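One structure below.
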């Protein structure tokens, strides 16, 4: 790595105002550190140069925007990488930005030349600032709680700290917020020990980071400036991914899979067994920040070890243990910023929650209305299993499993089908096309544009008859994405289904492709060195109508009140997401299952029920609390915080409403009962 000049020394610790109510103890002298220089053997200079140069060429050639690397791109990469290194702006100072400013408009030239001076220089400075800040935190943690209140009014943290005084204030506020909720000295002392361990671990982890880690995180920051789903995956990380994927079918651990994004570990919930609805909601998609052994299902029995910065494979190892034992997992849920602890039982979880499931619900006892509704849950659009030669078989896969369940629905004489696509997405687009074909009498399912070739292809259902002719309700939420949006939009455009749920889906309209760096057909004469993989968006998806999924997603015909619908989630909330656009519509003849009058009647009937439903009244109260809190305070407002402040709110019903994992399809709740009622209304309006 490049020799890194020492950052300017931080200014002395702030002197507190005389009027502070609590005397401030004198801090110890600040220690001086030198920047880390990464000279380890995890990455050779020759491999780094050729890899960076090839990735820069591949981005310009294959990404759907066909970008040109210039000074504007350089500025975005500069800001993105520093944001990844210090997202909360707790370490760097403005003087560090001044020292690095020479790189702001030169990174495009560096990348094209295969140079990586900037990331190592920035990481060297960060290594000093982390040790300075954690030294300070280690001292502040043990001070009287009242002394942590900053001496100055709260300032915005949108920019880098101008001085070490400002940085100290940020740490005081952070530590105060983490300690102020403790009840009693015992709880406070335990929390202090946990914080000491956390920040000491942060330093030790930083000291263990090698050259390849910095290299990989920098290149990921670079490619993500073009779209938020792009990434560079080194061969070392790919091996870890492959190992983790082997665990999907049977986990001698809690029922979750660890994934890694931008150096952070996240929990993908594969099996929710043993978790409450609220715990499943908190865990799925949450960032893992700590792991400890627990003596039982109750919380607070474990000593949590900080895992921030640990490689994914190491975190997965910490999660595993003796079957039947318990592990406490500290997470930061995707919907809030506060840390939570969820205890899970280790077991050999046969993963079935990622497969298509179906059931028939008799609505007479549940709703007092006669009817049989088939409920179809499609969590992803997985492909068919492969034979011994690696070729896909003709059976299985999402489409095959849906067809099998539709056969059972026919035997059950169902009157309508509800397709649950909440939190669904990912997989094989051809499977989504095949599933669409089971409900359509032929025609286009999705259009795909490939800017690199200038072509637009139409993926269509080649059958001439639908396997299922029953009325269809598609249940979506803000996390319905990708291939699930392909299915929902095709049924909507063909007027084959009523879309119910949140106002719109996620809005992911690009198709990422993973390619080797560099493909031999493009760069001949290169050695066989494994330079890792590059994931880039190479094509866009469009509805049969010609509208893109991008940012807008699929809009609902009947919107049900939902707190999730108030969250700033989805493609349009991601940095550097691509804009909405449209192409020419495909040629097709829509069915007559859905008309404007039918949609209007369904809305009126649903609104009348919702108006008199106590469950939805509570949901409207949640929404009002959310909006009021956001208007008053501005910071992100957690769902769990709302429920804790007002225990009368229906937490169980709420978590079921937004699709927490569980064994029962559409379990009884005010929200699911309304979905079934809409299905019965739909059958009646069609004369069923």
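Residue numbers (the working numbering): 14 to 701. Quick reminder that beta carbons are idealized off the backbone N, C-alpha and C, glycines included. Everything numeric in this text was worked out from a predicted model, so none of it was measured.
Spatial neighbours of residue 53 in its chain, beta-carbon cut-off 7 Å, leaving aside the 5 residues before and after: Position 40 of the chain shown holds residue 53. The answer, listed in chain order, is 223, 224.
Reduced DSSP secondary structure (H/G/I, E/B, other) of residue 213: Here residue 213 is taken as the residue at index 200 of the chain shown, counted from 1. Helix.
Classification of residue 267 by the beta-carbon crowding that lies within 10 angstroms, buried from 16 upward: One-based indexing of the chain shown puts residue 267 at position 254. By the 10 Å Cβ count, residue 267 comes out buried.
Sub-8 Å separation of residue 499 and residue 530 beta-carbons: Position 486 of the chain shown, counting from 1, holds the residue named residue 499. Position 517 of the chain shown, counting from 1, holds the residue named residue 530. Not a contact, by the Cβ cut-off of 8 Å.
Under 8 Å between C-beta atoms of residue 479 and residue 451: Position 466 of the chain shown holds residue 479. Position 438 of the chain shown holds residue 451. In contact: residue 479 and residue 451 (Cβ atoms closer than 8 Å).
Endpoints, alpha helix (DSSP H) assigned at residue 526: Locating residue 526 in the chain shown gives position 513, where the first residue counts as 1. Careful: residue 526 lies outside any alpha helix (DSSP H), inside the beta strand (DSSP E) at 523 to 529.
With 16 other Cβ atoms within 10 Å as the buried cut-off, status of residue 421: Start at 1 with the first residue of the chain shown, and residue 421 comes out as number 408. It counts as exposed.
Segment contact, 8 Å Cβ cut-off, at least three pairs: the stretch 196 to 211 with the stretch 154 to 161: With the rule of 3 Cβ pairs closer than 8 Å, the stretch 196 to 211 counts as touching the stretch 154 to 161.
Same chain, Cβ closer than 7 Å to residue 616, neighbours up to 5 away in sequence not counted: The count along the chain shown starts at 1 and reaches residue 616 at position 603. Same-chain partners within the cutoff: 571.
6 Å Cβ shell around residue 539 - same chain, five flanking residues per side excluded: Here residue 539 refers to the residue found at position 526 of the chain shown. Confidence at residue 539 is low in this model, with a pLDDT of 48, below 50, so the placement of that residue is unreliable and no value is reported for it.
Contained alpha helix (DSSP H) runs [length at least 4] in the stretch 173 to 213, N- to C-terminal order: Counting only runs of 4 or more, we get 177 to 192.
Residue 77 - DSSP class collapsed to helix/strand/coil: As a working mapping, residue 77 is identified with position 64 in the chain shown. Coil at residue 77, not helix or strand.
Limits of the unbroken beta strand (DSSP E) element including residue 457: Position 444 of the chain shown, counted from the first residue, corresponds to residue 457. Element bounds for residue 457: 456 to 463.
Best match in 61, 232, 140, 126 for proximity to residue 89 [C-alpha to C-alpha]: Here residue 89 refers to the residue found at position 76 when the chain shown is read from its first residue. Nearest C-alpha to residue 89: 232.
Per DSSP, cross-strand counterpart(s) of residue 272: Position 259 of the chain shown, counted from the first residue, corresponds to residue 272. Paired residue(s): 279.
Cβ-Cβ separation, residue 321 to residue 187 (assumed contact under 8 Å), whole Å: Walking along the chain shown from the start, residue 187 turns up at place 174. Walking along the chain shown from the start, residue 321 turns up at place 308. Not a contact, Cβ separation roughly 14 Å.
Cα-Cα separation between residue 122 and residue 93, rounded to whole angstroms: Looking up residue 122 in the chain shown gives position 109. Looking up residue 93 in the chain shown gives position 80. Their Cα atoms are separated by approximately 17 Å.
Burial state of residue 129, where buried means 16 or more other Cβ atoms lie within 10 Å: Numbered from its first residue, the chain shown carries residue 129 at position 116. Residue 129 comes out buried.
Beta-carbon proximity check, residue 78 vs residue 239, cutoff 8 Å: Along the chain shown, read from residue 1 onward, the residue named residue 78 stands at position 65. Along the chain shown, read from residue 1 onward, the residue named residue 239 stands at position 226. Yes, the Cβ-Cβ distance between residue 78 and residue 239 is below 8 Å.
Length-filtered (4 minimum) alpha helix (DSSP H) runs lying within the stretch 366 to 452: You should have 376 to 380, 410 to 425, 442 to 450.
Per-residue DSSP class, three states only, for residue 339: Mapped onto the chain shown, residue 339 falls at position 326. Correct three-state label for residue 339: strand.
Pairwise C-alpha distance: residue 371 and residue 389: Against the chain shown, residue 389 aligns to sequence position 376. Against the chain shown, residue 371 aligns to sequence position 358. Cα to Cα, residue 389 sits roughly 4 Å from residue 371.
Residue interval of the alpha helix (DSSP H) (run including residue 684): Residue mapping note: residue 684 aligns to position 671 of the chain shown, counting from 1. 683 to 698 is the extent of the alpha helix (DSSP H) around residue 684.
Buried or exposed by the 16-neighbour rule on C-beta atoms within 10 Å, applied to residue 48: The count along the chain shown starts at 1 and reaches residue 48 at position 35. Burial call: buried.
Cβ neighbour criterion (16 or more within 10 Å) applied to residue 11: This structure does not reach residue 11, given that the chain is present from 14 up to 701, and the question cannot be answered.
Separation of residue 585 from residue 678, as counted between CA atoms: If you number the chain shown from 1, residue 678 lands on position 665. If you number the chain shown from 1, residue 585 lands on position 572. Looking at the two C-alpha atoms, the distance is approximately 30 Å.
DSSP three-state assignment for residue 480, whether helix, strand or coil: Walking along the chain shown from the start, residue 480 turns up at place 467. Residue 480 falls in the coil class under three-state DSSP.
Rounded C-alpha distance that separates residue 521 from residue 200: Working through the chain shown from its first residue, we reach residue 521 at position 508. Working through the chain shown from its first residue, we reach residue 200 at position 187. When rounded, the distance between both Cα atoms is 44 Å.
CA-to-CA distance, residue 352 to residue 305, given in whole angstroms: Taking the first residue of the chain shown as 1, we reach residue 305 at position 292. Taking the first residue of the chain shown as 1, we reach residue 352 at position 339. Rounded to whole angstroms, residue 305 to residue 352 spans 14 Å at the Cα level.
Reduced DSSP secondary structure (H/G/I, E/B, other) of residue 566: Your numbering for residue 566 matches position 553 in the chain shown. Of the three classes helix, strand and coil, the one that applies to residue 566 here is coil, per DSSP.
Nonlocal neighbours in the same chain, by C-beta distance under 6 Å from residue 13, ignoring five residues either side: Nothing can be reported for residue 13, as the shown portion of the chain is limited to 14 through 701.
Reference residue 101; option with closest CA among 67, 171, 194: Here the question's residue 101 lines up with position 88 in the chain shown. Closest by alpha carbon: 171.
Contact the stretch 428 to 435 vs the stretch 473 to 488: 3+ CB pairs below 8 Å: Verdict: yes, contact present.
Extent of the continuous alpha helix (DSSP H) to which residue 245 belongs: Within the chain shown, numbered from 1, the residue matching residue 245 stands at position 232. Here residue 245 belongs to no alpha helix (DSSP H); instead the beta strand (DSSP E) covers 244 to 246.
Spatial distance of residue 99 from residue 135 (CA atoms): As a position in the chain shown, residue 99 is number 86, starting the count at 1. As a position in the chain shown, residue 135 is number 122, starting the count at 1. Roughly 11 Å between the two C-alpha positions.
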